[in-house]
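Undergrad:
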Amino acid sequence: MAADAVMLEVAGREVRVSNPDKVFFGARGETKLDLVEYYLSVAEPLMRAMGGRPVLLERYPDGASGKSFFQKRVPKGAPEWLTTTVVSTPNGTLSNAMVAVDLAHVVWAVNMGCLGFHVWPYLAHVPAFADELRIDLDPQPGVGFDQVREAAREVKAAFDELRMAVYLKTSGRRGLHVYARLAHRWDSYAVRAAAVALAREMARRRPDLITDAWWKEERGRRVFVDFNQNAPHKTVFGAWSTRPRVRAQVSAPIGWDEVDDVEPNDLTIATVGARVAQIGDPWAAMDGEPASLEPLLEWHARDMAAGLMDAPWPPVYPKMPNEPPRVAPSRAARTTESVRE
Numbered sequence: 006m007a008a009d010a011v012m013l014e015v016a017g018r019e020v021r022v023s024n025p026d027k028v029f030f031g032a033r034g035e036t037k038l039d040l041v042e043y044y045l046s047v048a049e050p051l052m053r054a055m056g057g058r059p060v061l062l063e064r065y066p067d068g069a070s071g072k073s074f075f076q077k078r079v080p081k082g083a084p085e086w087l088t089t090t091v092v093s094t095p096n097g098t099l100s101n102a103m104v105a106v107d108l109a110h111v112v113w114a115v116n117m118g119c120l121g122f123h124v125w126p127y128l129a130h131v132p133a134f135a136d137e138l139r140i141d142l143d144p145q146p147g148v149g150f151d152q153v154r155e156a157a158r159e160v161k162a163a164f165d166e167l168r169m170a171v172y173l174k175t176s177g178r179r180g181l182h183v184y185a186r187l188a189h190r191w192d193s194y195a196v197r198a199a200a201v202a203l204a205r206e207m208a209r210r211r212p213d214l215i216t217d218a219w220w221k222e223e224r225g226r227r228v229f230v231d232f233n234q235n236a237p238h239k240t241v242f243g244a245w246s247t248r249p250r251v252r253a254q255v256s257a258p259i260g261w262d263e264v265d266d267v268e269p270n271d272l273t274i275a276t277v278g279a280r281v282a283q284i285g286d287p288w289a290a291m292d293g294e295p296a297s298l299e300p301l302l303e304w305h306a307r308d309m310a311a312g313l314m315d316a317p318w319p320p321v322y323p324k325m326p327n328e329p330p331r332v333a334p335s336r337a338a339r340t341t342e343s344v345r346e
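Read left to right, the sequence shown gives residues 6 to 346 (this note's numbering).
#1: Contact check, V196 vs L142 under 8 Å by CB: the rounded distance?
#2: Taking Q76 and L87 to be in contact with their CB atoms under 8 Å, please state how far apart those CB atoms are, rounded to whole angstroms.
#3: Mark A105 as exposed unless 16 or more other C-beta atoms lie within 10 angstroms of its C-beta, in which case mark it buried.
#4: Using a Cβ-Cβ cutoff of less than 6 Å, which residues in the same chain neighbour R21 once the five nearest sequence positions on both sides are dropped?
#5: Check each candidate in D165, A54 and R168 and name the one with the smallest Cα separation from Y127.
#6: Would you list the residues sitting across from V22 in a DSSP beta bridge?
#7: Grouping DSSP H, G and I as helix and E and B as strand, with all else coil, what is A69?
#8: Per DSSP, what kind of secondary structure is E342 in: helix, strand or coil?
#9: In terms of alpha-carbon separation, which member of V171, Q283 and P300 lies closest to E294?
#10: Can you tell me whether F242 is helix, strand or coil according to DSSP?
#11: Note down the Cα distance separating P329 from P317, rounded to an integer number of angstroms.
#12: Look at A188 and S297 and say whether their C-beta atoms are less than 8 Å apart.
#13: For the candidate residues A32, G149 and T36, whose alpha-carbon lies nearest to that of D26?
#14: Compute the distance between the beta-carbons of A129 and P59, then report whether it is under 8 Å.
#15: Check whether the stretch 210–220 and the stretch 151–160 are in contact - that is, three or more C-beta pairs closer than 8 Å.
#16: Just the C-alpha distance for T240 and W125, rounded to the nearest angstrom, thanks.
#17: Taking the continuous alpha helix (DSSP H) assigned at P50, which residues delimit it?
#18: Hey, quick one: how far does the beta strand (DSSP E) through M103 stretch, first residue to last?
#19: From G17, H110, Y44 and T90, pick the residue whose C-alpha is nearest to that of N101; which is it?
#20: Which residue wins for smallest C-alpha separation from L203, given the options D271, E303, V28 and L45?
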C-alpha cells in the first residue's frame with residue numbers, strides 16, 4: 006500500500022510529507038517524494054542561490070498537469086517555525102511571504118504542491134537593496150534556441166567589456182537568464198534602469214538578433230531582453246527550481262563553456278542532481294565578487310542625455326516619471342488617424 010505520509014528530518018526539523026507517492030510529473034511518473042529528494046540532492050547550491058530570500062509559490066496540488074495558482078501569502082495553519090517577511094505588490098498590497106531560510110522551508114512548500122519558486126531579488130533582512138541584476142533572454146515566436154545561445158554570448162561580451170562577472174541559467178522553458186550579483190548599494194529602480202540600458206545597447210549592437218521593444222508587435226523574430234523583470238516587487242523563476250512541466254525540467258545554472266552544447270529539456274530532476282555531484286555548482290563563485298552597477302548606470306545616463314525617455318513599465322505599475330505613453334504603436338497610430346479624420 007502507498008504510504009499516507011512520511012516524516013523527514015530536514016535542516017534540523019521534522020517535516021511531514023503527505024501522499025509522498027502522488028505523481029507530480031506525468032512523463033516519467035515522478036512523485037512528490039521524488040521532487041523532495043531532488044531538492045535535497047542540490048541543497049547547497051539551491052540555498053546559495055535562494056537562501057534568505059522571499060519566495061512566491063506556484064502551486065499545483067494535483068501535479069504539473071492539474072490546476073494551479075500563485076500564492077504570495079503564507080496560508081493559515083503553517084508551522085510556527087516557518088519564517089516570513091512582509092512583501093509588497095506594485096499597488097502597495099502587503100503580504101506575508103515565505104522566506105527560503107533552509108531546506109525545511111523548501112520541503113514544506115513542496116508538500117503544499119509548490120512546483121515552482123519565484124524569488125525576490127533581495128535578501129529578506131535588507132529589502133532596500135536589490136542585489137541581483139537579472140537579464141531575461143526571451144525568445145519570441147519563431148526563434149530557436151541557437152539564436153538564444155547567440156544572444157547570450159553577445160550579452161556576455163558586453164559584460165566582459167564592463168568587467169562585470171555574470172552567470173547563466175536555463176529558464177526551464179525556451180530562454181536563458183543572465184545574473185550578476187550586486188553590492189548592497191542600489192534599489193530596484195536603479196537596477197531596472199541598468200537593465201534598460203543594457204537592453205538598448207544590445208539592440209543597437211545586434212538589431213538582427215536582439216530587441217528591447219516592449220510591445221510584442223515590434224519584436225519580430227528576435228530575442229527580447231526583458232528589462233522589466235528587474236522592476237520593483239518583481240520575482241523571477243528561481244535557480245534550481247523545477248518548472249511545472251510533465252518532464253520536470255529545472256531552471257538550472259550552467260557554465261558559459263556549456264552554452265553551445267546544453268539542451269535545456271535534458272536538465273530535469275532526474276539528471277540535475279547527478280550533474281551537480283559530478284561538476285559542482287556553476288554559480289559557486291557568484292557571491293565572491295559583487296559587481297558595481299555604475300558602468301550600466303553610466304550607459305543609462307548617456308541615453309537620457311541623448312533624449313531617450315524611460316522604457317515602458319508593465320501595466321500593473323503606476324505611471325512613472327519620463328515614461329512614454331502606455332499604448333501599443335499600432336493603437337496609437339489608429340488613434341492619431343481617427344483624430345485627423
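Idealized CB from N, CA, C, for every residue including glycine.
TA: For this structure:
#1: Between L142 and V196 the Cβ distance is about 17 Å, and since that is not below 8 Å, they are no contact.
#2: That pair is no contact at about 13 Å.
#3: buried
#4: A10 and M12
#5: A54
#6: V11
#7: coil
#8: For E342, the pLDDT reaches just 48, beneath the cut-off of 50, and the residue's location in the model is therefore unreliable, leaving the point undetermined.
#9: V171
#10: strand
#11: 6 Å
#12: yes
#13: T36
#14: yes
#15: yes
#16: 5 Å
#17: A48 to M55
#18: L99 to V104
#19: T90
#20: E303
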